[in-house]
Ligand SMILES: Cc1cc2nc3c(=O)[nH]c(=O)nc-3n(C[C@H](O)[C@H](O)[C@H](O)COP(=O)(O)OP(=O)(O)OC[C@H]3O[C@@H](n4cnc5c(N)ncnc54)[C@H](O)[C@@H]3O)c2cc1C
Ligand SMILES: NC(=O)c1ccc[n+]([C@@H]2O[C@H](COP(=O)([O-])OP(=O)(O)OC[C@H]3O[C@@H](n4cnc5c(N)ncnc54)[C@H](O)[C@@H]3O)[C@@H](O)[C@H]2O)c1
Ligand SMILES: Cc1cc2nc3c(=O)[nH]c(=O)nc-3n(C[C@H](O)[C@H](O)[C@H](O)COP(=O)(O)O)c2cc1C
Ligand SMILES: [Zn+2]
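Residue numbers (my numbering), protein chains in the order written: chain A, 1 to 955; chain B, 1 to 192; chain C, 1 to 405; chain D, 1 to 92.
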């Protein structure tokens, strides 16, 4: 028979379309509206995977996010079966608290949304609905969030009445009104997972996961909402906690509220013969509903010696024996519970009198209720232990938030409605709207409960706590009273230590249900007067686990990080460039021809640059227009060298330092007009330099009349390099006098190219060759690049990439910031004393006089020529002073190789290095011990290895 | 071929794309002039005169002047956006207002391109990656903002209540932003 | 299968009341304070010591770190002290008679740019000459060592190689602290919790005691080991330090069957991840730019972290974040610690370990104890003196890691 | 995600801003007149209070203006915001 435990009618199910699913390989049927857990119970399946460490049989224990046992693998690992909505074809495997990651890649799309709200209400039970209604009617932008597929909260599991109608009709009416109200958003299947500073809420919405294999992958599986709320109402309800007694983890031991949910919401009989154990009023409803559904309720065990008369009476009328002042002290059963052992409790919670054993296949337990204060605590709101309620409840709010209903310990339906309504109106009012609390309809539901009698720890029938290894405090972690006892005996006093010693509360459920019980147990074993003395551990997000993929959102794969490209990029891609990532930019590293590897391509590109002409896309350089009457004075303060005296139309290389004197960036600046400088930065530092300039201008020197404007992407720049570059330029810009005299080195000219494009041409060189940089508005970048190549065709013009650029500049001893420097290098260390002005102040200057910075034996930039002309030193190789220094470890290192290449021009390898007292060692040998055991010798040289007089550049 | 024919926009190959209630297209080559000057001073008044409209002084607002839009970027900074080709004339006119002032005008027309996102679903698409409050109560035609969409800096300008937005984005980031928007537009449940 | 944690010892430490005075008062019962106490007793026979802790023992950064232990630092001074620590880690479980799950599963530092490659190779070369195990792996070797890393050249920032330190690994942070506490307690050292230092007792230029929430306690020497709270303590003495306290976050997944056999760090993509003994993935997120004493950071750090993690480990897509938390890390301008004496007589300083001090715990404690006991800096501590900020002799480890776990 | 009110643009998410550390630390008017120790104080030493902290932020992704904020470093509450150049407000 299918679904033998399904009630004939009732429940929030769509019985018209049964669905099939498998659990651990066996096929079952259920209905839409079921969770995996309710469908399993309908099929008589309560047992799930055994526990992780002790392999104890375990069963479905709750009906919600607090489930400690029924973890399953569906598409994702470690989902609680109580939260997995049933759909056709669902296939689940039970897990012992340990998930498995699927090797197959996850194609699901996850979305993010950023929202703003006047009032966010979290929780769609009676309190939350009343709050949302009150807020919405004021016109406030209201968001109502609930993690269930439908609104109603606890009402979905009972038979309350509101306004003289079944409560769920009221729920539906509220939902309909909210849906029809402008500015209201209802997010169901959405869990508020985090409550951060300044009322920032994170909400994980399940969008299509519950539909099974996604029909339309584009409608993402999940969505992470980021909502900034003016006001928040927390109506998150309360969690019922378990009780700690021997054998409390056996399948069939279930939360009493969950039992009621299964009966009423899912039309499932979780058992046929039940015992109900409670510390409070609420489980009477469970007992009565069980009896009404035809379940034999063997006894209702109430820890209170005098249960409320009306409740006890109602139970007896339903034929249920009430055992007052008692508790369950043990269970039996091979796997599922077969009987419960019951004894009377003395006022001090010790056992007295005989033990009675009652057969049952279900033990419904209500160990008490604790408001769901997780989000409240995350928001930094304080908690207070309410001795009457025996629970931690919200105390002082730290943000614009209030808790209502069961979330603040109000357990009567009328109270929940009243508080919700008032809080919704208050929140909207504080958010600036005219709001009044709507009248609260009369209701029939839970009245104000009588006081509970919490029993945190039911003693075993014998022995001492040290031996109570079947009293589970955190059943998912298999942690018991004996474990807590052991931690305390070892000297631990703080709950934080006991948590970490026993791992209580650290499992998948984060102790949602069992946390308060654990605190109670600990307080008992510590001999504390109340759980208040023990306190809670810290509530941390997420409230329920969320997948990595959800948090990653769309920023995966191709969208992980922007790929920045220049206007000339399409040409590079088409012509087979191999790219290098430089920051977010893609830059061509080299352009291999068929059959060439990088070395061959680079040698060829270098030969072209030194022998004829070559071209490079240098558009990625940072570019800043520095404009204003004080522009020169400003640059004088920023660069180590002077710029105020630079002639209009001329260019100058500069270095800027941090205040600590270390090199920060370098580049060439052109003076275009008296009050206009065009400054370039390294590719990687473009944004940092602009920020740096703005910071000084705005915060230190607001009196300077200077404006900085980023024009990095306004201009595309093509470097034309090599002895024949002048001829190419002449061809390209026929109206420009390109002669040496008319257009000397380190000057700039405005010209119109032969194709009509206006260009700013600078005669500057990062290669040591005769060279020009042609700047054009970037939308012309590609056209100019193509024009340059066309003009150079007869000269064998060769496009080159960053690798060749590096070789060419290294042959000239030009350092690259970030490669030949590392944040500990001064301009002097680079051998650039000449660029450090003596007679002006600039950022960082004072630092050069510090003892260590002024040391004579600092590491300085030099060239290295390996004795073996073919030996390429690895970049990063460490250097030692002489062969005999190789004793140790540690071996004394005197420097390292910063750049190392094969040079076509030199016909050999060479390197740049930072070497202790490097300039004093010129002509000496140093050695690089390599990991393969070889010791490579190299001669220290000046860093400039080619054309030291600059004849080529100036030619 | 005129020199204009040699221009390529960063998204020249992007076809106009329709999604569910949303449309994306590039508007290339808009005129963009970055203007810096002290608000409320003589130069500001003269600029208002030559442009026929005052530079907005309320942060994150836009004033219209014929086919120019004057966007507030900072307390002393504006972006003047106009149709393709309007730069020389507009720049010339503004320059006549600046002599002797601590002011700065830079043609940045090629620095950014413009994406236009429009349709009833446009706001939802943006809200997938933009934390700004774009609700009509907070953001309306006539408002602009510099902000982030996904990981990209944009100047956001709302043109009408459809809503129609312009996203001005630096050329090197344009491709990523377009890809990101297209991905976000592919969400089949755009509204709600 | 995941493992149940090994049994703890039956006895850990006493909960004594403070005495009126001690030879040495250590402020802060994090890993460093506890290790200092232990080595004061073990190496110097100094047992009239109290470790004062404002909260619960080892509840600061010691309870919050991603437990990565390695010694492959770039600068000589750093490499020396971290390698000293690594050698101590190798014998400590036995010495302390506590299996705190020190696991030498290797640490990979991935390189994604040519600059990363240069830096990695530079570090490997330096480490080898410094006597520290270090290897350079190419992408295929990376995949062989850690098969779940995405080494496809197609990704945004392909793995171009990695440094590997085989002797590096992880340890169970809490248990390390408890192991040290247990031995310190056994030497008779008082570990006093719930005892916040709120002031100092001075006699002229000397410190002679501390004011606490449990009364005044006299002290021959006072040794600060208060990590992120050091500046607030130093402020009480008018001593300004080059320290900024920032939030640093971490997170764990649920327990998962073993998938990740080693530790992977990537500065460029921003991922630091290992799989702890029980089975949870332990991951560090980015440091928040602003100062913060709230033991929490901003959530976008976690979101970025997840996007980055999935780039490198596509297999993690379906894993779940179970819990996130934050610590307060004390960062110096050169990302290196400060150890030594101060301008105030009898006051010692050990701080600035920032995002990476867990791995140093035993060495930090040992050289600090030596410095306190002898009144002169231990040779391994000497380069880390406060004076370096005046002379400019910084120990710049920024290049080595943005978040130097 | 802190919510920071730019004095110009109003409230924006933290990711639009760039943190600038302690506010009101002037660049020494004559660095050369300082001792190494004094210079080191300027270079490296900043307040690090637990409580209200006067700090600088720049609206990097917005109007690019630097401004000053007083923020509580434990609660992260922003107690005051004002444009650069104004003196530090007195926060009780
Ligand atoms: C998220 C995160 C990840 C990290 N990951 C790594 C990693 O992978 N590897 C690594 O090596 N390092 C890591 N670290 C850094 C490492 O945790 C710290 O450097 C190290 O723990 C600091 O030393 P400690 O253990 O002594 O500090 P703490 O444990 O913070 O100890 C300081 C103690 O001083 C106490 N205290 C403060 N003020 C007072 C007072 N007035 N009176 C009394 N007591 C006081 C505090 O309560 C605290 O217990 C990480 C840190 C964080 C936050
Ligand atoms: N007699 C008793 O002891 C007792 C105890 C508890 C509850 N109750 C009854 O239960 C009802 C309580 O009403 P209520 O409105 O306060 O609570 P509720 O339990 O009815 O509703 C809370 C809702 O919030 C949802 N929720 C919780 N945390 C969430 C999160 N982080 N994100 C999204 N959704 C979240 C829950 O799933 C639930 O749907 C009343 O009818 C009351 O009488 C009685
Ligand atoms: C290496 C490591 C592993 C952890 N594993 C878990 C875990 O499996 N489950 C869990 O709930 N918390 C785990 N935590 C986090 C702690 O529960 C806790 O969040 C952390 O110690 C910070 O303390 P706090 O959150 O109480 O402030 C782990 C922490 C660390 C450092
Ligand atoms: Zn702003």
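Each residue gets a CB set at the ideal place from its N, CA and C atoms; glycine is no exception.
Proximity test, residue i beta-carbon vs ligand 2 heavy atom, cut-off 7 Å
i: residue 369 of chain A; result: yes
i: residue 67 of chain A; result: no
i: residue 555 of chain A; result: no
Reference residue i; option with closest CA among the options
i: residue 503 of chain A; options: C:62, C:104, C:175; result: C:175
i: residue 54 of chain C; options: C:226, C:352, C:303; result: C:226
i: residue 527 of chain A; options: A:552, A:494, A:539, A:505; result: A:494
i: residue 791 of chain A; options: A:133, A:614, A:156; result: A:614
i: residue 735 of chain A; options: A:724, A:751, A:727; result: A:751
i: residue 759 of chain A; options: A:794, A:715, A:427, A:747; result: A:715
i: residue 290 of chain C; options: D:33, D:20, D:47; result: D:20
i: residue 252 of chain C; options: A:272, A:545, A:142, A:460; result: A:545
Interface partners of residue i on chain F, CB under 7 Å
i: residue 16 of chain D; result: Chain labels in this structure do not include chain F; the protein chains are A, B, C and D.
Any non-hydrogen atom of ligand 1 within 7 Å of residue i CB
i: residue 271 of chain C; result: no
i: residue 52 of chain C; result: yes
i: residue 196 of chain C; result: yes
Neighbourhood of residue i by C-beta distance below 6 Å, restricted to the same chain and skipping five residues each side
i: residue 401 of chain C; result: Residue confidence is low: residue 401 of chain C scores 42 on pLDDT, short of 50, so the model does not pin down where it sits. Its coordinate-derived value is still stated next. These residues qualify, in order along the chain: 267.
i: residue 668 of chain A; result: 651, 653, 680, 764
i: residue 2 of chain C; result: Any reading at residue 2 of chain C must be qualified, since the residue scores a pLDDT of 45, below 50, and its modelled position is unreliable; the value itself is stated next. Cβ within range, chain order: 255, 278, 279.
Residue i Cβ short of 7 Å to ligand 3 heavy atom set
i: residue 252 of chain C; result: yes
Residues near residue i in its chain [Cβ-Cβ closer than 7 Å; skip 5 each side]
i: residue 10 of chain D; result: none
Residues within the segment 235-264 of chain C neighbouring chain D, beta-carbon criterion of under 8 Å: 235, 240, 241, 242, 243, 244, 245
Under 8 Å (Cβ pairs) to chain D, residues found in the segment 36-65 of chain B: Taking 8 Å as the upper bound on Cβ-Cβ separation, chain D lies near residues 59, 60 of the segment 36-65 of chain B.
Interface residues of the segment 189-200 of chain A facing chain D [CB-CB below 7 Å]: 196, 197, 198, 200
Three-pair Cβ contact test at 8 Å for the segment 105-118 of chain C versus the segment 249-263 of chain C: The count of Cβ pairs closer than 8 Å, one atom from the segment 105-118 of chain C and one from the segment 249-263 of chain C, reaches three, so the stretches are in contact.
Chain D contacts from the segment 268-299 of chain C (Cβ-Cβ distance under 7 Å): Those would be 289, 290, 291, 292, 293, 294, 298, 299, in chain order.
The segment 54-69 of chain A in contact with the segment 124-142 of chain A per 3-pair CB rule at 8 Å: Segment contact: the segment 54-69 of chain A against the segment 124-142 of chain A, fewer than three CB-CB distances shorter than 8 Å; contact not assigned.
Proximal residues, the segment 111-122 of chain C versus chain A, C-beta separation under 9 Å: For the segment 111-122 of chain C, the residues whose beta carbon sits under 9 Å from a beta carbon of chain A are, in order, 112, 113, 114, 115, 117, 118, 119, 120, 121, 122.
Contact the segment 193-212 of chain A vs the segment 465-485 of chain A: 3+ CB pairs below 8 Å: Counting Cβ pairs under 8 Å, fewer than three are found: no touch.
Cβ pair count under 8 Å reaching 3, the segment 363-373 of chain A against the segment 70-89 of chain A: no
Interfacial residues, the segment 112-146 of chain B to chain D, with Cβ spacing under 8 Å: 131, 132, 145, 146
The segment 139-156 of chain B contacting the segment 70-79 of chain B, beta-carbon criterion three pairs below 8 Å: With the rule of 3 Cβ pairs closer than 8 Å, the segment 139-156 of chain B counts as touching the segment 70-79 of chain B.
Inter-stretch contact at 8 Å, needing at least 3 Cβ pairs: the segment 609-627 of chain A / the segment 825-839 of chain A: no
Contacting positions in the segment 360-391 of chain C - beta carbon closer than 8 Å to chain D: 389, 390, 391
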